[in-house]
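Peer 1: Numbering (my numbering), first residue to last: -15 to 607.
1. Could you give the distance in angstroms between the alpha-carbon of residue 250 and the alpha-carbon of residue 259?
2. Is the Cβ-Cβ distance between residue 514 and residue 71 less than 8 angstroms?
3. Among the candidates 5, 3, 23 and 435, whose CA atom is the shortest distance from the CA of residue 597?
4. Run through the DSSP bridge pairs and tell me what residue 315 is partnered with.
5. Would you mind working out which of 201, 571, 588 and 543 sits nearest residue 562, comparing C-alpha positions?
6. Thinking C-alpha only, which one of 579, 11, 3 and 5 is nearest residue 517?
7. Buried or exposed for residue 303, please, with buried defined as at least 16 other CB atoms from any protein chain shown within 10 angstroms of its CB.
8. Buried or exposed for residue 507, going by 16 or more other Cβ atoms inside 10 Å?
9. Does the distance from the CB of residue 84 to the CB of residue 121 come in under 8 angstroms?
10. Quick one: using the 10 Å Cβ neighbour count with 16 as the cut-off for buried, is residue 476 buried or exposed?
11. Taking just the CA atoms, how far does residue 543 sit from residue 551?
12. Since residue 503 sits in a beta bridge, which residues does DSSP pair it with?
13. Under a Cβ-count criterion, where at least 16 other Cβ atoms within 10 Å of its own Cβ denotes burial, should residue 600 be classed as buried or exposed?
14. If you draw a straight line from the alpha carbon of residue 50 to that of residue 2, how long is it in whole angstroms?
15. Since residue 402 is in the alpha helix (DSSP H), which residue starts that stretch and which ends it?
16. Straight-line CA distance for residue 586 to residue 35?
17. Do residue 123 and residue 464 count as a contact pair if the criterion is CB distance below 8 angstroms?
18. Of the choices 204, 31 and 103, whose alpha-carbon is the least far from that of residue 429?
19. On the CB-based measure, 16 or more other CB atoms within 10 Å of its CB, does residue 194 come out buried or exposed?
20. Mapping DSSP to helix, strand and coil, what is residue 426?
21. Name the two residues that bound the continuous alpha helix (DSSP H) containing residue 451.
22. So which of 39, 60 and 163 has the shortest CA-CA distance to residue 576?
23. With distances taken Cα to Cα, identify the nearest neighbour of residue 150 among 565, 570, 412 and 603.
24. Assign residue 327 to one of three DSSP states: helix, strand, or coil.
25. Apart from the five residues just before and just after residue 225, which ones in its own chain have a Cβ nearer than 7 angstroms to its Cβ?
26. Need the endpoints of the alpha helix (DSSP H) that residue 351 sits in, please.
27. In angstroms with no decimal places, state the Cα-to-Cα distance between residue 54 and residue 487.
28. Would you call the region 233 to 250 and the region 326 to 338 touching, i.e. three or more CB-CB distances under 8 angstroms?
29. Contact defined as beta carbons within less than 8 angstroms: I believe residue 427 pairs with residue 443. What is the distance between those atoms, to the nearest angstrom?
30. So residue 28 and residue 498 are in contact, right, with Cβ under 8 angstroms, and what is the actual spacing, rounded?
31. Classify residue 223 as buried or exposed, calling it buried when 16 or more other Cβ atoms lie within 10 Å of its own Cβ.
32. So, at 7 angstroms on beta carbons, what are the nonlocal neighbours of residue 595 in its own chain, with the 5 sequence-adjacent residues on each side left out?
33. Hey, could you find the ends of the alpha helix (DSSP H) residue 65 is sitting in?
34. Could you pull the start and end residues of the alpha helix (DSSP H) that residue 266 belongs to?
35. Have a look at residue 100 and residue 439 and give me their C-alpha separation to the nearest angstrom.
36. Beta-carbon within less than 6 angstroms of residue 301's beta-carbon, same chain only, minus the 5 sequence neighbours each way: which residues are those?
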């Protein structure tokens, strides 16, 4: 006895033929698939007609297409195997039907995936003779999308700014250029090398270009910023030394110098006065000292008197004085001898403290004294003022020394400034350069980066602070000069294996999108018809008919719906001319094959327009 989850062939069954679980699975799967198909179909068109499409995005969309189409074809065929298993397997063995169906599902997916991959490879292999034209048509398409190239009669430039779905479908079928003129590609290559440089840079080296542009802009910005800092610092240094190197500052410095000289002499005079006071004894002072000395001479034979004398001498003069020095004319002590000792010791002490300067110099003699001059010269030297031993204190000699000091300090600061710059830039940059001279110091960097010829161009652009023309003045001309020949391939270049991968990639880019769009539509339409018929006969019961009539009824409904879906676009095509404005396509119609394909393409455009404008907007990715 069958369970309530299976399809019952009796009049009382609610769900014909399919088990409830399988039917739910197949309906839900087909609906999800149709949603994914809508996404894939629209996304495919967006990617292959995008100005920012990359090789990675094309490979992704190809892999996604294989998976989506394999799922669609699997869902079309799986019900047949399910019904076959139900017919062949009876009794208790029916429990293995879900397992077999699951295994078949996986197996069918991989079979269709392998077949589609093989079919893609065969399309590429069969069109290997078109590698040359595919390579340039693919590049030409990329150039059109990016605005570098144009073919007004094939795709008006006004359309490319904001392409409609019709424009996108036609762009995805750009291989039609093969039907327009067999020598068209040769003409493009011969006439459009400059534009092809734009295309190849965008297509194969856009990231390298952006990196190079950013590097150049950064370098020029660093140079300009560095020069501005250099200029500001130079200005600060110049202002500082210009303030020092002027007559007013010199006068002030000289006045300060002469003022200190006068102060030096005033201090000397104070010391002289103190010296004179110390050596010119008053009568009472002399009598007091004489009294002490007489006592000493009286008891000089005693040790105690000697000790006391020695102590008093040390106290008065700091050292021992021979007693004989206090005698004169046979008198000990003698007032004259006392005066003489005090003067002599005071004079000696004064010279010691003044380092050899006697206490009896006038102002002129004081300044001319070797010790005084030596000290003055040493003090000036400590301040950076280098004067000769013949320095006569004149303003002229002082001014020369002052200016020499300023120049030395200026030179020192400039050297330090250049040393700091060298640490930052690695360049020997002297003080006082203008902008062009400053930039010249970096010319070798541009030469190292771009070579001798183009490094000179980069250097001139840096001098002009021109980074906006990097592409037109430097990158593109350099690319044309050094690399374009590597991309402007000839027919013979595609004969061998050297450029096989590049050529096959172009063939894929050219012929696979139309094939993928077609496969997507076929699988989508058939699955749509299938799920609609299932849903119809869930509502409209035909259980009263025998199985043959049920099969015929369902088959007829499927054919009617399918016919409507096939014929409706032909009716819709009459409302508008999808190829209006694409005058180059008239040339395609001259070929029987081309004319038939254009009819098919116009039919496809009707479906693509409906799906893209009404359904895809709900699942379209935001990035």
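Every residue gets a Cβ at the ideal spot worked out from N, C-alpha and C, and that includes glycine. Bear in mind that the values here come from a model prediction, so they are computed numbers and not experimental data.
Peer 2: Considering the structure as presented:
1. One-based indexing of the chain shown puts residue 250 at position 266. One-based indexing of the chain shown puts residue 259 at position 275. In a straight line, the C-alpha of residue 250 is about 14 angstroms away from that of residue 259.
2. As a position in the chain shown, residue 514 is number 530, starting the count at 1. As a position in the chain shown, residue 71 is number 87, starting the count at 1. Result no, Cβ atoms of residue 514 and residue 71 do not sit closer than 8 angstroms.
3. Taking the first residue of the chain shown as 1, we reach residue 597 at position 613. Checked all of 5, 3, 23 and 435; the closest Cα to residue 597 is 23.
4. Against the chain shown, residue 315 aligns to sequence position 331. According to DSSP, which records beta bridges pairwise, residue 315 is partnered with 312.
5. Along the chain shown, read from residue 1 onward, the residue named residue 562 stands at position 578. Of the candidates 201, 571, 588 and 543, the one whose C-alpha sits nearest the C-alpha of residue 562 is 588.
6. Stepping through the chain shown from its first residue, residue 517 is reached at position 533. Taking only the C-alpha atoms, the option nearest residue 517 is 11.
7. Indexing the chain shown from 1 puts residue 303 at position 319. It counts as exposed.
8. The count along the chain shown starts at 1 and reaches residue 507 at position 523. Burial call: buried.
9. In the chain shown, the residue the question calls residue 84 occupies position 100. In the chain shown, the residue the question calls residue 121 occupies position 137. For residue 84 and residue 121, no; Cβs fall outside 8 angstroms.
10. The residue you call residue 476 lines up with position 492 of the chain shown. That one is exposed.
11. Within the chain shown, the letter at position 567 stands for residue 551. Within the chain shown, the letter at position 559 stands for residue 543. Going from the Cα of residue 551 to the Cα of residue 543 covers about 12 angstroms.
12. The sequence position of residue 503 within the chain shown is 519, counting from 1. Looking at the DSSP assignment, residue 503 forms no beta bridge with any residue, so it has no partner.
13. Within the chain shown, residue 600 is the residue found at index 616, counting from 1. Classification for residue 600: buried.
14. Taking the chain shown and counting its residues from 1, one reaches residue 50 at position 66. Taking the chain shown and counting its residues from 1, one reaches residue 2 at position 18. Computed Cα separation, rounded: 28 angstroms.
15. As a position in the chain shown, residue 402 is number 418, starting the count at 1. Per DSSP, residue 402 belongs to the alpha helix (DSSP H) from 379 to 409.
16. Walking along the chain shown from the start, residue 586 turns up at place 602. Walking along the chain shown from the start, residue 35 turns up at place 51. About 24 angstroms.
17. Against the chain shown, residue 464 aligns to sequence position 480. Against the chain shown, residue 123 aligns to sequence position 139. No, these two residues do not count as a Cβ contact at 8 angstroms.
18. What you label residue 429 is simply residue 445 of the chain shown in a count that begins at 1. Nearest option by C-alpha distance: 204.
19. The sequence position of residue 194 within the chain shown is 210, counting from 1. Exposed, by the Cβ-count rule.
20. As a position in the chain shown, residue 426 is number 442, starting the count at 1. In the structure shown, residue 426 sits in coil (DSSP, three-state: anything other than H, G, I, E or B).
21. Here residue 451 is taken as the residue at index 467 of the chain shown, counted from 1. That residue, residue 451, is in no alpha helix (DSSP H); it is neither H nor E in DSSP.
22. Taking the chain shown and counting its residues from 1, one reaches residue 576 at position 592. That would be 163, whose Cα lies nearest to the Cα of residue 576.
23. The residue given as residue 150 occupies position 166 in the chain shown. Among 565, 570, 412 and 603, the Cα nearest to that of residue 150 belongs to 565.
24. Counting from one through the chain shown, the residue named residue 327 turns up at place 343. Residue 327: helix per DSSP, three-state reduction.
25. For this step, residue 225 is matched to residue 241 along the chain shown. Excluding sequence neighbours, residue 225 sits near 390 and 394.
26. Along the chain shown, one-based indexing puts residue 351 at 367. First-last of the alpha helix (DSSP H) with residue 351: 347 to 352.
27. Mapped onto the chain shown, residue 54 falls at position 70. Mapped onto the chain shown, residue 487 falls at position 503. Between residue 54 and residue 487, the C-alpha separation is close to 27 angstroms.
28. no
29. Here residue 427 is taken as the residue at index 443 of the chain shown, counted from 1. Here residue 443 is taken as the residue at index 459 of the chain shown, counted from 1. Confirmed, Cβ separation roughly 5 angstroms.
30. Numbered from its first residue, the chain shown carries residue 28 at position 44. Numbered from its first residue, the chain shown carries residue 498 at position 514. Incorrect: roughly 10 angstroms between the Cβ atoms, too far for contact.
31. Sequence index remark: in the chain shown, residue 223 carries index 239 (1-based). When all chains shown are included, residue 223 counts as exposed.
32. Locating residue 595 in the chain shown gives position 611, where the first residue counts as 1. Answer for residue 595: 22, 25 and 26, listed in chain order.
33. Counting from 1 along the chain shown, the entry for residue 65 is found at position 81. Its alpha helix (DSSP H) spans residues 39 to 72.
34. Residue 266 sits at position 282 when you count from the first residue of the chain shown. From DSSP, residue 266 is part of no alpha helix (DSSP H); its letter is neither H nor E.
35. In the chain shown, residue 100 corresponds to position 116, counting from 1. In the chain shown, residue 439 corresponds to position 455, counting from 1. If you take the alpha carbons of residue 100 and residue 439, they lie about 51 angstroms apart.
36. For the purposes of this step, residue 301 is taken as residue 317 along the chain shown, with counting starting at 1. Within the same chain, residue 301 has close Cβ partners 329.
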